[in-house]
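Going by full-length UniProt numbering, the first residue of the sequence shown is number 1, and it counts up by one from there.
Quick notes on the structure that follows.
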Amino acid sequence: MKAVWLRSPKEVTEEEYAKFYHSLAKDFGDDKPMTWSHFSAEGDVEFKALLFVPPKAPHDLYESYYNANKSNLKLYVRRVFISDEFDDLLPKYLSFLMGIVDSDTLPLNVSREMLQQHSSLKTIKKKLIRKALDMIRKLAEEDPDEYSNKEKTDDEKSAMEEKKGQYAKFWNEFGKSVKLGIIEDATNRNRLAKLLRFESSKSDGKLVSLDEYISRMKSGQKDIFYLTGSSKEQLEKSPFLEQLTKKNYEVIYFTDPVDEYLMQYLMDYEDKKFQNVSKEGLKLGKDSKLKDLKESFKELTDWWKKALDTEGIDSVKISNRLHNTPCVVVTSKYGWSSNMEKIMQAQTLSDASKQAYMRGKRVLEINPRHPIIKELRDKVAQDRSRRRGWCTRRR
1 MKAVWLRSPK
11 EVTEEEYAKF
21 YHSLAKDFGD
31 DKPMTWSHFS
41 AEGDVEFKAL
51 LFVPPKAPHD
61 LYESYYNANK
71 SNLKLYVRRV
81 FISDEFDDLL
91 PKYLSFLMGI
101 VDSDTLPLNV
111 SREMLQQHSS
121 LKTIKKKLIR
131 KALDMIRKLA
141 EEDPDEYSNK
151 EKTDDEKSAM
161 EEKKGQYAKF
171 WNEFGKSVKL
181 GIIEDATNRN
191 RLAKLLRFES
201 SKSDGKLVSL
211 DEYISRMKSG
221 QKDIFYLTGS
231 SKEQLEKSPF
241 LEQLTKKNYE
251 VIYFTDPVDE
261 YLMQYLMDYE
271 DKKFQNVSKE
281 GLKLGKDSKL
291 KDLKESFKEL
301 TDWWKKALDT
311 EGIDSVKISN
321 RLHNTPCVVV
331 TSKYGWSSNM
341 EKIMQAQTLS
351 DASKQAYMRG
361 KRVLEINPRH
371 PIIKELRDKV
381 AQDRSRRRGW
391 CTRRR
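This is the structure:
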C-alpha cells in the first residue's frame, strides 16, 4: 500500500491521517492533530507534502528558541529517507509543525551542505510556508456559530462540535509563534497579522482579530488603539483608558512580554496605524475647549515643568486621556513604554546605557477638570500674586 503522503487526499480518511500523525509524532494518545494540509506541487520543482498542527505545544518549544536547531519535518527524496534533522524547510517560528516532504526534484547522492545550497530548496520552503499559513488561516476562519444544526446528520453535528474553539486552542498553544513570525518574516507579516488574536476592552473575555477590531472602529477613528501590561486586570484599571472608555473607543490588550517586541515591527494594518495609548500623541478628535484650557492652566504647567526639570520630565501638558485621575506620566512616541522598561530591567544582562537612551522623554499630563489640579492652579496663581505684591512694596 502507498505511503499516506503519496496518495491523493481524497483517498485518505481522517482516521488514517490521525493514525499516521501519531506514528510520525511517536504520540499514541487519543488527541488528534488540530488540522493538517496534504498537497503536491508541480512544475519546475515537484514535491508532495503532509503538514500537521499538533494538539499541544512541546513544553520546551520556546526554550533557547534562537539557538536550538529544531525540525519536525522528515525529508524524503524520491521516496528515500534523507533526514529528520533538516531545519531549512521551514522558518523557526513554524518549527512546531510536523510532517513529511518528499521531493522528486532534489538530488539524491549529495551531502547535506550541498543540499542546503540547492536552488530548489528555496522554492520548496516558500511553498511550504504559504501552505502552512493557509492551513492556519482556514482553521481560524472556521466558525461553528455560523453553522445551523438543522438537517445535519449526527456525524456532521459531532464534527462541528469538535471544531468549536479549535483556533482558540491553537492560539493558546502556538500564538507566540505567530507573533515571532511577524517579528522575523517581513514578507509574510501582513498574512501573519491576520492570524493575531487578543482580548480587548470590548471583547468580554473572547479572542478577537484585527479585522474584527477594525469593523467596530468608531466613525472618524484613524488609529488602532492598544495598551501593554502584565495582565488584563492591570490594564482594565489603567488611567490611560479613562477617556477612551468614556468615549466608547475599543482598546486592544497586549499582556505577553513578546507583545512589546511585536509592536516594534507591526507598525500598521490595513492602512491603520497602531497607537499605544500610554504614549504621547494620542488623538481623540478635536476638543474645542483645549486652547482655552491651555491658556487657563499655562501658569501651572510652566511652574510644574520648572519644578520637575531635574526629574526627567520634558514637559507638562493638558491631558485628553484622563477623566478621574488628576495626572499621569506618559512616555515619548519613539521611546520604550513603561511596560517595556520593566521587561528590560528584569533581564539579568540588561544594558543600563541602552535603557537610559531608549527610556526617552517623559511628559506629565494633567487633568484640567480634576479638583486637585484646579486647586493647584489657584494656589500657584495666588502665590505669584503675593510675590508680585511683595516686589511692588519693596519698590
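Glycine included, each C-beta is placed from N, C-alpha and C at the ideal position.
query	result
Would you report the Cα separation of Q264 and S288, rounded to the nearest angstrom?	33 Å
Are the stretch 73-93 and the stretch 29-44 touching by the rule of at least three beta carbon pairs closer than 8 Å?	no
Tell me which residues share the same chain as V330 and place their Cβ nearer than 7 Å to its Cβ, disregarding the 5 neighbours each side in the sequence.	S278, K279, E280, V363, E365
Going by the CB atoms, is the gap between T228 and residue 431 shorter than 8 Å?	Look at the range of the chain in this structure, 1 to 395, and you will see that residue 431 is not part of it.
So, N339 versus E242, is the Cβ gap smaller than 8 Å?	no
My understanding is that D102 touches K26, with C-beta atoms under 8 Å, so please give their C-beta distance in whole angstroms.	With 8 Å as the limit, D102 and K26 do not qualify as a contact, their Cβ atoms being about 20 Å apart.
Who are the near neighbours of K150 in its chain, counting only those whose CB is closer than 7 Å to its CB and skipping five residues on each side?	Any reading at K150 needs caution, since the residue's pLDDT is 47, under 50, leaving its predicted position unreliable; the model's value is listed next. Nothing listed; no residue qualifies.
Less than 8 Å between the CB atoms is what I'm expecting for V316 and L322, so what's the real figure, rounded?	Rounded, the Cβ-Cβ distance is 13 Å, inconsistent with contact.
Output the distance between the C-alpha atoms of L61 and K125, rounded to the nearest integer angstrom.	21 Å
How close, in whole Å, do the beta carbons of S319 and N367 come, if the pair is a contact with beta carbons under 8 Å?	6 Å
Find out if the Cβ-Cβ distance for the pair L195, A140 is shorter than 8 Å.	yes
Applying the 10 Å Cβ sphere with the 16-neighbour rule, what's the burial state of V80?	exposed
Skipping 5 residues on each side, what residues in its chain have a beta carbon closer than 6 Å to that of Y269?	A193, L210
Using the beta-carbon count (16 or more within 10 Å), is N67 buried or exposed?	exposed
Please state whether DSSP places K10 in a helix, a strand or coil.	helix
In this structure, does DSSP put L293 in helix, strand or coil?	helix
Please return the same chain residues whose Cβ sits closer than 6 Å to the Cβ of E236, not counting the five positions on each side in sequence.	none
Taking all protein chains shown into account, do 16 or more other C-beta atoms lie within 10 angstroms of the C-beta of T301, making it buried, or fewer, making it exposed?	buried
For M98, which beta-bridge partners are listed by DSSP?	F52
Just mark residue 400 as buried or exposed, buried being the case when its beta carbon has 16 or more other beta carbons within 10 Å.	Not covered by the structure: residue 400. The range shown for the chain is 1 to 395.
Compute the Euclidean distance between the alpha carbons of R369 and A381, then round it to the nearest angstrom.	17 Å
Rounded to a whole number of angstroms, what is the C-alpha to C-alpha distance between Y21 and D30?	11 Å
Based on Cα-Cα distance, which residue from G360, K10, K2 lies nearest to I313?	G360
Between G181 and Y93, which are expected to be in contact by the criterion C-beta below 8 Å, what is the C-beta distance as a whole number of angstroms?	4 Å
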